[in-house]
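S.K.: These protein sequence lines are chains H and C, in that order. Quick note on my numbering: the first sequence kicks off at 1 and runs consecutively. Quick note on my numbering: the second sequence kicks off at 1001 and runs consecutively. Backbone N, C-alpha and C define an ideal beta-carbon position, used for all residues, glycine too. If you're wondering where the values come from, they're calculated on a predicted model, not measured in any experiment. Just passing along the structure, written as structure tokens.
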Amino acid sequence: MHDISEEIPKHRTANPFASKGGAQKRKDVFTATALRLATYFILLCAGYIFVDIIIKGAPVVFKASPPFVNIDFLTKSPETLMTFETSDGAEHKLDFSDYSQFKRDFPDLKIVEEHSHAFSGGGILGPLVGTALLTGICIIVALFVGLTTAIYLNEYSSKGRFMDLIRLAIMNLAGVPSVVFGLFGLGLFCLVAPVITDAPMESALFTVPILFTKSYISFQGWGTCMLAGGFTLAVMVLPVIIAACEESLKAIPMGFREASLALGATKWQTIAKSVLPYAFPGMLTASVLGITRVAGETAPIMFTAALSHKDKLPWQDVNGVGGFLSQSVQAMPYHIYTVAARIPQSEYTRPMQYGSVFVFLVVVMLFAALSVFLRIHYRKKIKW
Amino acid sequence: MSETPTSADSFSGRDAFKRRGFRILGIGLQDVIRYFFGGNASLAIVLIILICFFLGREGIMFFPAHHEGLGSYRQAGQEFVDYMGEEIDAHTKFYSAANIAYFAEVNESSAIEDAQIATARAVLANVETITRKSWNLLERKIEEEVGLAKKVAGLAEGSPEIPEVQQMLETRRSEIEKLRVTLRAEVEAALESPDAWSTGGSDRGVGLTNIEKIREAVLFEAFPKAKEEHPFLLELKAASKTKKADTAARLIAFKTTLTEIQSAVKPLRTLHGELRKHATENRAVINSFKSAPQRRAALLAGAENVDDPAEKAKLQAEADEVVITEPDLVAMNAPLYAAVSKYAEVSLPLKAEMERLLQALPSTVSTESARENLDRSRSAYGSFKGVQKANRDRIPSWRHDLPVSWIKSFSAFLFGKQWITNSSWHDFYGLLPLLTGSLMISVIALIVAVPFSIAAAIYVNQLAPRREQEIVKPAIEFIGAIPSVVLGFFGILVLGEMLREVSQVEWLSWVPGFPMAERLTILNAGLLLAFMAVPTIFTLTEDALENVPSAFAENSFAMGASRLQTVFRVVLPTAASGLIAAVLLGFGRIIGETMVVLLVAGNKIKIPDFSEGFGVVTQPTHTMTGIIAQELGEVDGGSLHWRALFIVGMVLFVIALLVNYAAQQALKRFQKV
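Right under this line is the structure:
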């Protein structure tokens, strides 16, 4: 919106209402400039953070010679980095596995000035995979619950106390601190959630025998594992997903439903045939938005799923789906927390720190951009 | 009625709206679907209840256990001993501030010399770091040379290898010679580089006088490694020493007063030490009595599970050995009661002596720092007097068998000033240091974030051209997607260092708290959280402005108001409660944020020292969210400490609900407009 006075062409200065300038005008211009500067200062800060991380992080991930990408960084899991000098004066910087190999290959070389830097070698495959799995589980659970909730709120609801209560609960859920979700997930999913087992643990809250079998449903919790982490994250992101799904359902014109009902379709047929298919883009946006929110969260998975060091990737050496889901995983945010604050700092940990942060930031920001793009794209494309 | 009406006759109007389909108990398929969706929707309510339940389940037993712990604390007499401890601590504070003042005065006299020495040391260290690699190489070569020389000496009796070894020795020696030359050049080059002269600002410019001489001294000591110090440095040291001695001689009265202050408290210290030992033993007895039934039960259970009869008998015997006799608290606490009169004997002279010594402290000192510390010392004396006064009442009236009231136990948690865990004396779970930390960081974050985000919202919504609006708005909302752990990382590595460097700029030293000693501070965390809160507050404010009916603004324009007059006098007041809701929700987001404060706030569990005024923001602190994230992984499930962390989580939960409630009330008012 422009200043109104500026839009009036010059030749019509006879307008008696035209601004006469003076002190008020100067004050206006000054205030407007101050507001504008404040706005751009915020963007400047954001830009500084991005540029700093890109400048220091990109050289770790990319390199000047083909294949231009540091493959090792993306395909290895974090390892200890060994730095040492050999007696011929050469300096070496090797991951721990390569270091052992080096020692076997050159048993005669005398090694001096040897230092080890935890978590500074290898790559970030483990944490990346872990975050992808946690996010996947979370989105599946949250989308199921969120979509059904949104359908109920938008299609079935009639105003009343029950509805108010649900909306109040959702709003409050959105305000709960993430670390409290971590505590809740620990208390519920890790320590109490039900499992089916032949030999229930003594610490179970209670057990229910399943008829005609030797098994029990034991409320002993899932332990620290990716399933617990995914569920905790799902609870946390639920309000966001519900809001996004509801928005997409609201955008579908009432006429679709009315036409379907008028043709004699049942309520469910109407929802399944005339509402949900058109809500699909909205659901897609919702899940991308959910991924953005969830991937960066550290506090909820700290006690429920994450661990800092793990040799194997999640699919190596597991038995069955249950075993797969009930293992703890590395996760990007937790990995960044570890390398940023829990290990001794040295110049050799910098590449790992900035590399991880760079990759993580780029991935999360791509998803954020995707969600914005999807929203704009579908809003433009779909005209009822 | 059949599915397809065979003729028009069988169709009656009444049947048209009859509910059809298969039903059980009057519930048809459509209803089942409806209930399924409704059930999922009510999950949100269930989740809120579950959160309350599970936080409560783990946390609620904290209060009885904490209460019992406080009971033991009193029964063992630890409370009594800590009364005296408080007096001693207050005295130490008084003494140490005065002591710092004394040394500030003494050190100031030789400040220039000391700064020059410090600069020389720092530069020498820098040069050594820069040339470390060449040094290492040289040292290795010398090592090899020595080895070879030994070999030559060992093979003295005309052995044929000698020429070869000799040859090697020669090469080594020439290599060493060459290395020495290059190293010398390297040291000289390093001395020229600005890196070598970055002393971290510790000398504050004074040390950079006499640069030529310092350079000479460093060169002298850096290569070849000198055995003795350069005469210039020795001279400086001597000068510094004499100046210090002169000042000390001038301040001899001050020093005597300090010594007397320290020795005045000695009798109390001795008494406290004895009693403390006693109370520790008492506590051990009480703890073992309280845990006896459990240990016995565990041993008996173990005995039952063991098959081997000998082992069984052994465990049984051990279980029988666990005596469950109540300790005689009166006898145990007798020495403490006896100490009451001793305390009176010690305390009265201490009081008189300290009043005299307070007057004996010098009233005028020459340096700023000494003056500040003397003032601090005097105010610490005030609190020392307060503790003494309190002790004169509470020490004689203390009883070990008075039950601890529940109110006291609750307030010990909510208003307790100490959070001390894993201690051999007594674990204190006081929320206050964590709560102050959280609140201070939030307040700073809000002070910074609110003006910027509201200004941005006004600009984007009211003033910016449409094109600019379409770019700036998503860009600011984009900030909200930056993961908090990334911001925390940025705070540790970049912002902390940046703030410290800014704080060391000479002409900014008037700012309270500058120069900063720490990188990880309340200020650092507050700034990052402000940045995090901007998108939240911005978006909500922008919504509120958007929702103000356009007729309001149009009317205002029609009255001849300018755009900014309209914005500030019509639109903003209308949206005020929306703005309040935005700020409240921003606060909710800030106080619940975990990773940034865990990484950046410094994690020091202590109530910040407010005597520094605004400078308090340059201190490290700990927060409620941070302590949960930091300690929960390391404690045993079900222990008192674990439960305490869940209760802290519950406090956070309640704060979040209250903030949400307030924001909703504000929004409701806004919607009425």
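Quick one, are the C-beta atoms of phenylalanine 360 of chain H and valine 288 of chain H less than 8 Å apart?
M.R.: To locate residue 360 of chain H, count along the first sequence from 1; it is residue 360. To locate residue 288 of chain H, count along the first sequence from 1; it is residue 288. No, these two residues do not count as a Cβ contact at 8 Å.
S.K.: Cutting at 6 Å between CB atoms, please list the residues of its own chain near alanine 1663 of chain C, excluding the five before and the five after it.
M.R.: The residue labelled residue 1663 of chain C in the question sits at position 663 within the second sequence. These residues qualify, in order along the chain: Ala1581, Leu1584, Leu1585.
S.K.: From the beta carbon of aspartate 1203 of chain C, is the nearest beta carbon of chain H less than 8 Å away?
M.R.: Your numbering for residue 1203 of chain C matches position 203 in the second sequence. Here the model assigns aspartate 1203 of chain C a pLDDT of 49, short of 50, so the residue's position is not dependable and the matter cannot be decided.
S.K.: List the endpoints of the continuous beta strand (DSSP E) containing valine 1600 of chain C.
M.R.: Taking the first residue of the second sequence as 1, we reach residue 1600 of chain C at position 600. Run containing valine 1600 of chain C: none in the beta strand (DSSP E); it sits in the alpha helix (DSSP H), 1595–1600.
S.K.: Alpha carbon to alpha carbon, how far is arginine 1677 of chain C from leucine 1640 of chain C?
M.R.: The question about residue 1677 of chain C has no answer here: the residues shown for chain C are numbered 1001 through 1673.
S.K.: Ignore the nearest five residues each way along the sequence and tell me which others in glutamine 330 of chain H's own chain have a CB closer than 6 Å to its CB.
M.R.: Indexing the first sequence from 1 puts residue 330 of chain H at position 330. The residues are Gly126, Pro127, Gly130, Lys310.
S.K.: Once you ignore the five residues that flank serine 1383 of chain C on each side, which residues in its own chain have a CB closer than 7 Å to its CB?
M.R.: Taking the second sequence and counting its residues from 1, the one referred to as residue 1383 of chain C is at position 383. Counting only Cβ-Cβ distances below 7 Å, and skipping sequence neighbours, we find Ala1090.
S.K.: Do you know offhand how far alanine 1445 of chain C's Cα is from threonine 338 of chain H's?
M.R.: Here residue 1445 of chain C corresponds to residue number 445 of the second sequence, with the count starting at 1. Here residue 338 of chain H corresponds to residue number 338 of the first sequence, with the count starting at 1. Taking the straight line joining both Cα atoms gives about 25 Å.
S.K.: Listing by chain order, which chain C residues have their CB less than 9 Å from the CB of glutamine 220 of chain H?
M.R.: If you number the first sequence from 1, residue 220 of chain H lands on position 220. Per Cβ cutoff of 9 Å: no residues; glutamine 220 of chain H is ~13 Å from chain C at best.
S.K.: Going by C-alpha distance, which of H/Leu188, H/Ser371, H/Tyr348 is nearest leucine 1050 of chain C?
M.R.: The count along the second sequence starts at 1 and reaches residue 1050 of chain C at position 50. It is H/Leu188.
S.K.: Name the chain C residues that come within less than 9 Å of arginine 161 of chain H, Cβ to Cβ?
M.R.: As a first step, residue 161 of chain H is located in the first sequence; it is residue number 161 there, counting from the start. Per Cβ cutoff of 9 Å: no residues; arginine 161 of chain H is ~12 Å from chain C at best.
S.K.: When we look at the beta-carbon of aspartate 1393 of chain C and count the other beta-carbons within 10 Å, is it buried (16 or more) or exposed?
M.R.: Within the second sequence, residue 1393 of chain C is the residue found at index 393, counting from 1. By the neighbour-count rule (16 or more Cβ atoms within 10 Å), aspartate 1393 of chain C is not buried but exposed.
S.K.: Please decide whether tyrosine 348 of chain H counts as near chain C, where near means a Cβ-Cβ distance under 8 Å.
M.R.: Translated into positions along the first sequence, residue 348 of chain H becomes position 348. By this cut-off, tyrosine 348 of chain H is not an interface position.
S.K.: Please tell me whether lysine 267 of chain H has its Cβ less than 8 Å away from any Cβ of chain C.
M.R.: The residue you call residue 267 of chain H lines up with position 267 of the first sequence. Taking Cβ atoms only, chain C reaches closer than 8 Å to lysine 267 of chain H, which makes this a yes.
S.K.: Select from C/Asp1328, C/Tyr1095, C/Ala1656 the residue whose C-alpha is nearest the C-alpha of alanine 1380 of chain C.
M.R.: Translated into the one-based positions of the second sequence, residue 1380 of chain C becomes position 380. It is C/Tyr1095.
S.K.: What residues in the segment 1434–1466 of chain C bring their beta carbon closer than 8 Å to a beta carbon of chain H?
M.R.: Correct list: Pro1451, Phe1452, Ser1453, Ala1455, Ala1456, Ile1458, Tyr1459, Val1460, Gln1462, Leu1463, Ala1464, Pro1465, Arg1466.
S.K.: Measure the alpha-carbon distance for leucine 1523 of chain C versus glycine 1649 of chain C and round it to whole angstroms.
M.R.: Position 523 of the second sequence, counted from the start, is the residue given in the question as residue 1523 of chain C. Position 649 of the second sequence, counted from the start, is the residue given in the question as residue 1649 of chain C. Their backbone Cα atoms lie some 24 Å apart in a straight line.
S.K.: From the DSSP output, in three-state form, read off alanine 193 of chain H for me.
M.R.: Counted from its first residue, the first sequence places residue 193 of chain H at position 193. It is coil, neither helix nor strand.
S.K.: First and last residue of the beta strand (DSSP E) that includes phenylalanine 119 of chain H?
M.R.: Numbered from its first residue, the first sequence carries residue 119 of chain H at position 119. Start and end: 111–122.
S.K.: Closer than 7 Å by C-beta to valine 372 of chain H: which residues in its own chain qualify, once you throw out the five before and the five after it? Chain order, please.
M.R.: Sequence index remark: in the first sequence, residue 372 of chain H carries index 372 (1-based). Excluding sequence neighbours, valine 372 of chain H sits near nothing in its chain.
S.K.: Hey, how far is the Cα of valine 1081 of chain C from the Cα of valine 1387 of chain C?
M.R.: Position 81 of the second sequence, counted from the first residue, corresponds to residue 1081 of chain C. Position 387 of the second sequence, counted from the first residue, corresponds to residue 1387 of chain C. Going by the C-alpha atoms only, they are around 13 Å apart.
S.K.: Please identify, using Cβ separations under 7 Å, the residues of the segment 149–179 of chain H that lie next to chain C, in order along the chain.
M.R.: Those would be Thr149, Ile151, Tyr152, Leu153, Tyr156, Leu165, Ile166, Ala169, Ile170, Met171, Asn172, Leu173, Gly175, Val176, Pro177, Ser178, Val179, in chain order.
S.K.: Would you decide whether tryptophan 1419 of chain C is buried or exposed? Buried here means 16 or more other CB atoms lie within 10 Å of its CB.
M.R.: Taking the first residue of the second sequence as 1, we reach residue 1419 of chain C at position 419. Buried.
S.K.: For the beta strand (DSSP E) that contains valine 208 of chain H, what are its first and last residues?
M.R.: Reading the first sequence from its first residue, position 208 is the one you call residue 208 of chain H. Valine 208 of chain H -> beta strand (DSSP E) spans 207–209.
S.K.: Is there a C-beta anywhere in chain C that falls below 8 Å from the one on methionine 236 of chain H?
M.R.: Indexing the first sequence from 1 puts residue 236 of chain H at position 236. No, no contact with chain C.
S.K.: Please report the residue range of the alpha helix (DSSP H) in which glutamate 1274 of chain C lies.
M.R.: Position 274 of the second sequence holds residue 1274 of chain C. First-last of the alpha helix (DSSP H) with glutamate 1274 of chain C: 1266–1305.
S.K.: Assign threonine 86 of chain H to one of three DSSP states: helix, strand, or coil.
M.R.: Mapped onto the first sequence, residue 86 of chain H falls at position 86. Strand at threonine 86 of chain H.
S.K.: Do lysine 1606 of chain C and proline 1433 of chain C have their CB atoms nearer than 8 Å?
M.R.: In the second sequence, the residue the question calls residue 1606 of chain C occupies position 606. In the second sequence, the residue the question calls residue 1433 of chain C occupies position 433. Yes, the Cβ-Cβ distance between lysine 1606 of chain C and proline 1433 of chain C is below 8 Å.
S.K.: So, does the CB of methionine 1595 of chain C fall closer than 8 Å to a CB anywhere in chain H?
M.R.: Along the second sequence, one-based indexing puts residue 1595 of chain C at 595. Yes - at least one Cβ of chain H is within 8 Å of the one on methionine 1595 of chain C.
S.K.: Any idea which residues DSSP pairs valine 329 of chain H with across the strands?
M.R.: In the first sequence, the residue the question calls residue 329 of chain H occupies position 329. Paired residue(s): H/Ala306.
S.K.: DSSP beta-bridge partners for threonine 1621 of chain C?
M.R.: Numbered from its first residue, the second sequence carries residue 1621 of chain C at position 621. Looking at the DSSP assignment, threonine 1621 of chain C forms a beta bridge with C/Gly1602.
S.K.: Report yes or no: do three or more beta-carbon pairs, one from the segment 1555–1571 of chain C and one from the segment 1592–1611 of chain C, lie closer than 8 Å?
M.R.: Flag = no, the segment 1555–1571 of chain C and the segment 1592–1611 of chain C do not touch.
S.K.: Quick one: is aspartate 1203 of chain C buried, meaning 16 or more other Cβ sit within 10 Å of its Cβ, or exposed?
M.R.: Residue mapping note: residue 1203 of chain C aligns to position 203 of the second sequence, counting from 1. Its pLDDT being 49, under 50, aspartate 1203 of chain C is placed unreliably by the model, and the measurement read from it follows with that caveat. Buried is the call here.
S.K.: Please report whether the beta-carbon of alanine 251 of chain H lies at a distance below 8 Å from any beta-carbon of chain B.
M.R.: Here chain B cannot be found, since the structure's protein chains are H and C.
S.K.: Specify, as a first and last residue, the run of the alpha helix (DSSP H) that tyrosine 156 of chain H falls within.
M.R.: Start at 1 with the first residue of the first sequence, and residue 156 of chain H comes out as number 156. Where tyrosine 156 of chain H is concerned, there is no enclosing alpha helix (DSSP H), given that its DSSP letter is neither H nor E.
S.K.: State the DSSP-derived secondary structure class of lysine 214 of chain H, mapped to helix, strand or coil.
M.R.: Residue 214 of chain H sits at position 214 when you count from the first residue of the first sequence. Correct three-state label for lysine 214 of chain H: coil.
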